[in-house]
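Residue numbers for the sequence shown follow UniProt numbering, so the first one is 1 and each next one is one higher.
Only one structure is covered here, and it is reproduced in the block below.
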Amino acid sequence: MTGGIKVTLPNDAAGGIDTQKPIDIATFYDATNQTITGRNGDGLNIVIEFKARPTTAASTRLTVAIDIGGGIGEIYKRDFVLSKGNAIEHYYLSSFTGYTLGTWQANGGTVKIVSTASTEIYDIRYVLTRTHKAR
Numbered sequence: 001m002t003g004g005i006k007v008t009l010p011n012d013a014a015g016g017i018d019t020q021k022p023i024d025i026a027t028f029y030d031a032t033n034q035t036i037t038g039r040n041g042d043g044l045n046i047v048i049e050f051k052a053r054p055t056t057a058a059s060t061r062l063t064v065a066i067d068i069g070g071g072i073g074e075i076y077k078r079d080f081v082l083s084k085g086n087a088i089e090h091y092y093l094s095s096f097t098g099y100t101l102g103t104w105q106a107n108g109g110t111v112k113i114v115s116t117a118s119t120e121i122y123d124i125r126y127v128l129t130r131t132h133k134a135r
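Set out below in structure tokens:
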């Protein structure tokens with residue numbers, strides 16, 4: 001990815017395990033629209049994991065967020081500094097608990113990422129777990 005340009009963190013959902021998800025959920029992740037789905041009032045635990053390799057000697061920082069659109073936009077922003085240097089692989093793991101209301105249900109949550117310098121991102125994985133079922 002090019003530095004300074006915010007993009008959707010690509011995830012084709014290959015290898016996803018859906019066999020044990022709750023029966024009232026069609027999918028936790030829409031691979032076509034690249035969104036984490038939501039149901040109004042549900043609680044979620046979201047794990048985002050990937051490997052990153054800076055392709056420049058410049059100090060590089062990644063910012064990852066969930067964009068739910070509407071008037072709310074980005075939520076759950078996280079910064080991560082790639083401190084090991086040029087061409088050295090870094091492991092990113094972020095786990096957080098959130099909730100979905102009407103805006104998330106309408107738009108889904110898109111994982112966005114921006115880097116301060118050119119960076120390779122790969123081996124992307126999400127683990128999505130419902131922690132609370134809305135009434």
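Think of the CB as a built atom: it goes at the ideal place given N, C-alpha and C, for glycine as much as any other residue.
Query                                                                                                                                           : Result
Which residues in the same chain have their Cβ closer than 6 Å to the Cβ of V47, if we skip the five residues on either side of it in sequence? : S95, V127
Helix, strand or coil for N107? Go by DSSP, reduced to three states.                                                                            : helix
Less than 8 Å between the C-beta atoms of Y92 and A52, yes or no?                                                                               : yes
Under 8 Å: do the stretch 58-72 and the stretch 12-26 share three or more Cβ pairs, one atom per stretch?                                       : no
For S115, count the other beta carbons within 10 Å of its own beta carbon; 16 or more makes it buried, fewer makes it exposed. Which is it?     : buried
Which residues in the same chain have their Cβ closer than 8 Å to the Cβ of A87, if we skip the five residues on either side of it in sequence? : R53, P54, T55
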